[in-house]
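K.L.:
Here the sequence shown is numbered in the numbering used here, starting from 5 and rising by one per residue.
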Amino acid sequence: MAGLAGIHGFESFQGLEGVRRSLFKMASGQVWDDGICAALGPHAYVWAEDALVVQGHVDNAPEVRRALEAEGFHRFETDTGAEVVLAALRCWGLEPALSKLHGAFALAWWEGQEKRLTLVRDRMGVVPLHWHQTPQGSLLFATELRALLASDVVPRRLNKDALADQIMHGTVHAPNTVVEGIRQLGPGELLVVQDEDLHVHVWWDPADEALGVDDRPSDARRAHLREVMLDAASRQLRTPSEVGMWLNGSLANSTLAALAAEVSHAPLSTFSLASDLPGLDGTEPAREVARHVGSTHHEIRIAGEDMEGALPGFLEAMDVPVAHGFRSHVAQSTLRQVGVEVALGELGGDSMFAGDPIFQRSAQLAKLNWLASWPGVLRRLVGRLHVTSKPGFKARKTAELLGGHYFDLAHTHPIARQLFLKDDLERLLAKDVPKRHDVFQALVRELAPGRKSFGLPFLSQVTVAEMRSHLGSSLVRSAQHSATALGLDMRLPFLDHRVVAAALAAPDAEKFPSSPMPLLMGSLKGLVPELWGEAHAPPAAWPMRTWMLGAWRETSVKGLQVLKDTRGMNGDALTATELSFQQDRDPERWRHMWSLMVLGLWLERHGLT
Numbered sequence: 005m006a007g008l009a010g011i012h013g014f015e016s017f018q019g020l021e022g023v024r025r026s027l028f029k030m031a032s033g034q035v036w037d038d039g040i041c042a043a044l045g046p047h048a049y050v051w052a053e054d055a056l057v058v059q060g061h062v063d064n065a066p067e068v069r070r071a072l073e074a075e076g077f078h079r080f081e082t083d084t085g086a087e088v089v090l091a092a093l094r095c096w097g098l099e100p101a102l103s104k105l106h107g108a109f110a111l112a113w114w115e116g117q118e119k120r121l122t123l124v125r126d127r128m129g130v131v132p133l134h135w136h137q138t139p140q141g142s143l144l145f146a147t148e149l150r151a152l153l154a155s156d157v158v159p160r161r162l163n164k165d166a167l168a169d170q171i172m173h174g175t176v177h178a179p180n181t182v183v184e185g186i187r188q189l190g191p192g193e194l195l196v197v198q199d200e201d202l203h204v205h206v207w208w209d210p211a212d213e214a215l216g217v218d219d220r221p222s223d224a225r226r227a228h229l230r231e232v233m234l235d236a237a238s239r240q241l242r243t244p245s246e247v248g249m250w251l252n253g254s255l256a257n258s259t260l261a262a263l264a265a266e267v268s269h270a271p272l273s274t275f276s277l278a279s280d281l282p283g284l285d286g287t288e289p290a291r292e293v294a295r296h297v298g299s300t301h302h303e304i305r306i307a308g309e310d311m312e313g314a315l316p317g318f319l320e321a322m323d324v325p326v327a328h329g330f331r332s333h334v335a336q337s338t339l340r341q342v343g344v345e346v347a348l349g350e351l352g353g354d355s356m357f358a359g360d361p362i363f364q365r366s367a368q369l370a371k372l373n374w375l376a377s378w379p380g381v382l383r384r385l386v387g388r389l390h391v392t393s394k395p396g397f398k399a400r401k402t403a404e405l406l407g408g409h410y411f412d413l414a415h416t417h418p419i420a421r422q423l424f425l426k427d428d429l430e431r432l433l434a435k436d437v438p439k440r441h442d443v444f445q446a447l448v449r450e451l452a453p454g455r456k457s458f459g460l461p462f463l464s465q466v467t468v469a470e471m472r473s474h475l476g477s478s479l480v481r482s483a484q485h486s487a488t489a490l491g492l493d494m495r496l497p498f499l500d501h502r503v504v505a506a507a508l509a510a511p512d513a514e515k516f517p518s519s520p521m522p523l524l525m526g527s528l529k530g531l532v533p534e535l536w537g538e539a540h541a542p543p544a545a546w547p548m549r550t551w552m553l554g555a556w557r558e559t560s561v562k563g564l565q566v567l568k569d570t571r572g573m574n575g576d577a578l579t580a581t582e583l584s585f586q587q588d589r590d591p592e593r594w595r596h597m598w599s600l601m602v603l604g605l606w607l608e609r610h611g612l613t
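1) So, using beta-carbon positions, are residue 290 and residue 276 closer together than 8 Å?
2) Return the first residue and the last residue of the beta strand (DSSP E) that residue 310 is part of.
3) For a test of the three-state rule: what should DSSP assign to residue 128, helix, strand or coil?
4) Between residue 60 and chain B, is there a C-beta pair that is closer than 8 Å?
5) Determine the DSSP secondary structure at residue 60, reduced to helix, strand or coil.
6) Can you give the Cα-Cα distance for residue 237 and residue 107, rounded to whole angstroms?
7) How is residue 110 classed by DSSP in three states: helix, strand or coil?
8) Check whether the stretch 557-565 touches the stretch 503-515, counting contact only when three or more Cβ pairs, one atom from each stretch, lie closer than 8 Å.
9) Find out if the Cβ-Cβ distance for the pair residue 148, residue 323 is shorter than 8 Å.
10) How about residue 551 and residue 312: are their beta carbons less than 8 Å apart?
11) Runs of 4 residues minimum, wholly inside the stretch 382-427: which ones carry the alpha helix (DSSP H) assignment?
12) Would you please state the rounded distance, in angstroms, between the beta carbons of residue 359 and residue 256? I believe it to be under 8 Å.
13) In three-state terms, what does DSSP make of residue 5?
14) Evaluate contact between the stretch 344-353 and the stretch 401-410, counting only Cβ atoms and requiring at least three cross-stretch pairs below 8 Å.
15) Buried or exposed for residue 166, going by 16 or more other Cβ atoms inside 10 Å?
16) Residues in its own chain within less than 7 Å of residue 58 by CB, not counting five upstream and five downstream?
17) Evaluate the contact criterion for the stretch 227-235 versus the stretch 494-506: three or more CB pairs, one atom per stretch, below 8 Å.
18) Rank 263, 328 and 221 by C-alpha distance to the C-alpha of residue 530 and give the top, closest one.
19) Please determine if the stretch 244-259 and the stretch 330-349 are in contact, where contact requires at least 3 C-beta pairs separated by less than 8 Å.
20) Count the other CB atoms, across all protein chains shown, that sit within 10 Å of the CB of residue 101; report buried if there are 16 or more and exposed otherwise.
21) Express the C-alpha separation of residue 23 and residue 173 in angstroms, rounding to a whole number.
22) Considering Cα atoms alone, identify which of 36, 140 and 330 is closest to residue 487.
23) Verify whether the separation of the beta carbon atoms of residue 645 and residue 332 is less than 8 Å.
24) Out of 200, 460 and 63, which has the shortest C-alpha to C-alpha gap to residue 497?
25) Looking only at its chain, what residues have a beta carbon closer than 6 Å to the beta carbon of residue 454, apart from the 5 residues adjacent to it on each side?
26) Taking C-alpha atoms, which residue in 321, 469 and 535 lies nearest to residue 490?
27) Could you check the C-alpha separation between residue 367 and residue 422 for me, to the nearest Å?
28) Over what stretch of residues does the beta strand (DSSP E) that includes residue 199 continue unbroken?
29) So the candidates are 21, 592, 471 and 424; which of them puts its Cα closest to the Cα of residue 396?
30) Could you compute how far the alpha carbon of residue 5 sits from the alpha carbon of residue 81?
31) For residue 163, which option in 180, 155, 151 and 157 has the closest C-alpha, if you only look at C-alpha atoms?
32) Can you say whether residue 410 is buried or exposed, counting buried as having 16 or more other CB atoms within 10 angstroms of its CB?
33) With distance defined between alpha-carbon atoms, name the residue in 470, 340, 464 and 389 nearest to residue 444.
34) Leaving out the 5 sequence neighbours to the left and right, which residues in its chain are closer than 7 Å to residue 388 when beta-carbon positions are compared?
35) If we count the other Cβ atoms within 10 Å of its Cβ and call it buried at 16 or more, is residue 25 buried or exposed?
36) Tell me whether residue 457 is buried or exposed, calling it buried when 16 or more other Cβ atoms sit within 10 Å of its Cβ.
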């Protein structure tokens with residue numbers, strides 16, 4: 005299991021060697037130690053009194069190296085990316101160097117002369133970075149939260165301030181974590197420790213970069229987007245390892261396969277699921293894509309019981325509780341079993357190019373802002389009548405939206421992504437647990453007048469909201485869990501920051517007129533058939549409810565029982581929720597039980613109270 009971990013401020017510790025052994029057993033690679041700060045990670049380089057540890061990949065390391073060599077700043081001793089990054093930091097300084105690095109990475113930079121530690125998380129937050137400061141001022145940091153727990157320095161206590169966030173969204177958003185005393189850097193953030201000072205600030209803002217993209221005619225914008233997407237795919241295929249891609253039939257997935265095939269120097273290896281479960285066989289759409297892109301295609305038959313049997317591995321891979329990612333875990337573990345070491349994924353495609361249904365819903369809700377002029381009593385009455393006529397979770401969401409004060413994006417987007425609503429929190433959580441809505445508060449700040457995101461087109465604001473919540477904290481995080489546990493290098497070209505900026509800069513009219521994902525399809529004209537925009541559909545839903553009531557029933561009951569015994573939770577309300585799930589045919593209900601089960605089992609595995 006590869007990971008980055010370290011300690012700053014040895015003098016505050018008693019039994020330091022034990023702490024180091026515990027912390028570093030969750031990481032791997034090379035270690036450095038100068039008596040004040042120590043770190044370990046898969047890639048490290050020491051230069052004079054400076055040291056750098058990196059986890060992840062810097063896609064443009066060869067280009068950065070050539071630029072440094074041209075300046076004559078450093079004579080390179082190795083072919084490692086860590087040496088390139090450290091040379092860039094020493095030559096250009098912190099933020100100028102970071103601005104030149106492309107990729108998904110976390111890094112720890114120790115400047116020995118200044119006695120300064122800098123921790124950096126990549127722009128999109130693909131690689132997580134957690135930290136804990138002791139009462140004495142020492143800092144422990146790690147890409148995996150469980151490494152900090154293994155140190156036995158951090159008390160194993162559930163963070164009551166983050167519990168509402170976890171229940172509502174099935175995850176906890178930065179800077180909080182589910183563990184009291186452990187924080188996480190957000191995407192594009194860095195932390196600096198020097199002497200007694202510790203501060204966190206943003207080094208990359210997607211809206212700021214998007215607003216810096218030159219205004220261009222539509223054809224020029226699409227040509228630029230095509231160029232950066234091809235370059236992103238090319239750089240992320242730059243590896244000696246076996247590369248593979250799972251085909252699932254979605255439009256974002258299929259277009260990524262076409263991009264990768266266009267720039268790959270060898271036939272792309274693609275894989276698809278052949279299943280005996282009704283509706284889950286993905287062979288035919290995958291064959292069509294494979295034929296078009298000329299990939300070497302493999303169909304992997306997975307029996308229903310094998311898919312059910314993937315649950316223990318999924319739960320074990322989970323570094324923090326996230327109520328998403330089981331499908332991704334099955335795909336990634338299958339790729340790993342057949343020898344794939346680097347996996348291309350389409351994560352981010354739907355969010356950058358308005359392919360997710362939430363974009364259409366958000367646009368429709370924005371047009372209903374006039375409803376705010378109705379008396380609140382009347383809107384709440386209409387909501388209750390709607391729930392009575394169409395019982396179910398979707399109707400309850402509509403009622404909560406109608407009962408709100410505003411219909412702007414900051415108010416509607418969090419509700420659209422919630423697994424549990426405000427009334428549910430009042431029932432499920434104890435009275436002394438804060439019921440605050442952190443995602444809502446963060447989006448109010450992010451999209452406020454005067455902020456950079458406020459100047460973006462509306463659909464780009466939806467993308468920013470997705471990046472700050474569901475995409476980053478749920479989808480990317482869960483995929484990263486499985487990849488790390490399996491030893492799989494995950495590459496996500498649609499999350500290249502240049503692609504993100506170009507997509508955010510595009511006007512709404514180019515993203516969402518009449519056909520699916522027109523900005524993406526128009527940018528790749530000639531690479532992908534126009535027919536794909538009409539024929540491709542999201543992958544079929546898996547029978548999660550059936551499994552939870554059948555093969556996974558014992559596991560589900562166990563997870564929920566742990567939660568019933570957890571401080572801050574209302575056991576009677578959880579029992580009522582469980583009975584409703586067993587008796588109710590609401591297609592959304594399984595998501596609620598799955599989220600609660602995942603949280604309970606994670607708390608038990610890590611001994612949190």
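Just so you know, even glycine gets a beta-carbon here, dropped at the ideal spot from N, CA and C.
These figures come from a predicted structure and were not determined experimentally.
P.N.:
Here's the rundown:
1) Taking the sequence shown and counting its residues from 1, one reaches residue 290 at position 286. Taking the sequence shown and counting its residues from 1, one reaches residue 276 at position 272. Cβ distance < 8 Å, so residue 290 and residue 276 count as in contact.
2) Taking the sequence shown and counting its residues from 1, the one referred to as residue 310 is at position 306. Not the beta strand (DSSP E): residue 310 falls in the alpha helix (DSSP H), residues 308-312.
3) Reading the sequence shown from its first residue, position 124 is the one you call residue 128. Coil at residue 128, not helix or strand.
4) The structure shown contains no chain B; it is built from a single protein chain.
5) Residue numbering aside, residue 60 sits at position 56 when the sequence shown is read from its first letter. Three-state result, residue 60: strand.
6) Residue mapping note: residue 237 aligns to position 233 of the sequence shown, counting from 1. Residue mapping note: residue 107 aligns to position 103 of the sequence shown, counting from 1. Those two C-alpha atoms are separated by around 11 Å.
7) Numbered from 1 along the sequence shown, position 106 holds the residue referred to as residue 110. Here DSSP, grouped into helix, strand and coil, assigns residue 110 to strand.
8) no
9) What you label residue 148 is simply residue 144 of the sequence shown in a count that begins at 1. What you label residue 323 is simply residue 319 of the sequence shown in a count that begins at 1. Against a cut-off of 8 Å, the Cβ pair of residue 323 and residue 148 comes out as a contact.
10) On the sequence shown, residue 551 is found 547 positions in, with the first residue counted as 1. On the sequence shown, residue 312 is found 308 positions in, with the first residue counted as 1. Residue 312 sits close to residue 551, with the two beta carbons spaced by under 8 Å.
11) 397-406 and 413-421
12) Mapped onto the sequence shown, residue 359 falls at position 355. Mapped onto the sequence shown, residue 256 falls at position 252. The beta carbons of residue 359 and residue 256 sit about 6 Å from each other, so the pair counts as a contact at 8 Å.
13) Taking the first residue of the sequence shown as position 1, residue 5 is located at position 1. Confidence at residue 5 is low in this model, with a pLDDT of 44, below 50, so the placement of that residue should be treated as unreliable; the coordinate-derived value is given next. Residue 5 falls in the coil class under three-state DSSP.
14) no
15) Locating residue 166 in the sequence shown gives position 162, counting from the first residue. Buried, since its Cβ has 16 or more Cβ neighbours within 10 Å.
16) Stepping through the sequence shown from its first residue, residue 58 is reached at position 54. Closer than 7 Å at Cβ, skipping near neighbours: 45, 47, 85, 86, 89, 109 and 111.
17) yes
18) Start at 1 with the first residue of the sequence shown, and residue 530 comes out as number 526. That would be 263, whose Cα lies nearest to the Cα of residue 530.
19) yes
20) As a first step, residue 101 is located in the sequence shown; it is residue number 97 there, counting from the start. When all chains shown are included, residue 101 counts as buried.
21) Position 169 of the sequence shown, counting from 1, holds the residue named residue 173. Position 19 of the sequence shown, counting from 1, holds the residue named residue 23. The straight-line gap from Cα to Cα measures roughly 33 Å.
22) Position 483 of the sequence shown holds residue 487. Out of 36, 140 and 330, 330 has the C-alpha closest to the C-alpha of residue 487.
23) Coverage of the chain is limited to positions 5 through 613, which leaves residue 645 absent and any answer about it impossible.
24) Position 493 of the sequence shown holds residue 497. The closest CA to that of residue 497, considering only 200, 460 and 63, is found on 63.
25) Translated into the one-based positions of the sequence shown, residue 454 becomes position 450. Cβ neighbours of residue 454 beyond the five flanking positions: none.
26) Here residue 490 corresponds to residue number 486 of the sequence shown, with the count starting at 1. With distances taken between Cα atoms, residue 490 lies closest to 321.
27) Taking the first residue of the sequence shown as 1, we reach residue 367 at position 363. Taking the first residue of the sequence shown as 1, we reach residue 422 at position 418. Residue 367 and residue 422: Cα-Cα distance of roughly 18 Å.
28) Along the sequence shown, one-based indexing puts residue 199 at 195. Unbroken run through residue 199: none, as it is neither H nor E.
29) Working through the sequence shown from its first residue, we reach residue 396 at position 392. Looking from the CA of residue 396, the closest CA among 21, 592, 471 and 424 belongs to 592.
30) Along the sequence shown, one-based indexing puts residue 5 at 1. Along the sequence shown, one-based indexing puts residue 81 at 77. Confidence in residue 5 is poor, its pLDDT being 44 and thus under 50, which makes the residue's placement too unreliable to answer from.
31) Position 159 of the sequence shown, counted from the start, is the residue given in the question as residue 163. Closest by alpha carbon: 180.
32) Here residue 410 is taken as the residue at index 406 of the sequence shown, counted from 1. The residue is exposed, with fewer than 16 neighbouring Cβ atoms inside 10 Å.
33) The residue you call residue 444 lines up with position 440 of the sequence shown. Ranking the options by Cα distance to residue 444, first place goes to 470.
34) For the purposes of this step, residue 388 is taken as the residue at position 384 of the sequence shown. Result list for residue 388: 403, in chain order.
35) The residue labelled residue 25 in the question sits at position 21 within the sequence shown. Residue burial is scored here from C-beta neighbours: residue 25 has fewer than 16 other C-beta atoms within 10 angstroms and is therefore classed as exposed.
36) Counting from one through the sequence shown, the residue named residue 457 turns up at place 453. Classification of residue 457: buried, given that the 10 Å Cβ count is 16 or more.
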